[in-house]
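Chemist:
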Amino acid sequence: MRFSFPHSHAFPSGEVRIEDAEATEGNCVVEFSDGVAMLGDWHPDGDAIVLDIPSYRTARGADVEARRWRLVQDQQGRWRSKLCP
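Per our numbering: the sequence shown ends with 1078, consecutive numbering throughout.
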């Protein structure tokens, strides 16, 4: 499974593209528009997906802490990120 974010980081209500939706849960590739990519972990949660992204550094050098995201589809069928508590 591959999760592609069109920005250098994930944020609430941000769009995310998902490839290989038929993959089994577990390890995945998480990539951002600045070229940074890493291994993450995912699992299904009903109609949603829970995605764990480890801490990383953006291409410009900003540190981003590890976060858990719940990915849900909006009314247009696009995947959006919501921060898990």
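Where a beta carbon is used, it is the ideal one built from N, C-alpha and C, also for glycine.
How many Å lie between alanine 1030 and glutamate 1012 at the Cα?
Modeler: Straight-line Cα distance between these residues: approximately 15 Å.
Chemist: Mark alanine 1003 as exposed unless 16 or more other C-beta atoms lie within 10 angstroms of its C-beta, in which case mark it buried.
Modeler: By the neighbour-count rule (16 or more Cβ atoms within 10 Å), alanine 1003 is buried.
Chemist: CB-CB under 7 Å to tyrosine 1049, same chain, minus the five flanking residues each way: which ones, in chain order?
Modeler: Only Val1029, Met1031, Val1057 meet the Cβ criterion.
Chemist: Is the distance from the Cβ of glycine 1054 to the Cβ of aspartate 1045 below 8 Å?
Modeler: In this structure, aspartate 1045 does not lie closer than 8 Å to glycine 1054 by Cβ.
Chemist: Identify which residue in Thr1017, His1000, Glu1008, Phe996 has its Cα closest to the Cα of glycine 1070.
Modeler: Of the candidates Thr1017, His1000, Glu1008, Phe996, the one whose C-alpha sits nearest the C-alpha of glycine 1070 is Glu1008.
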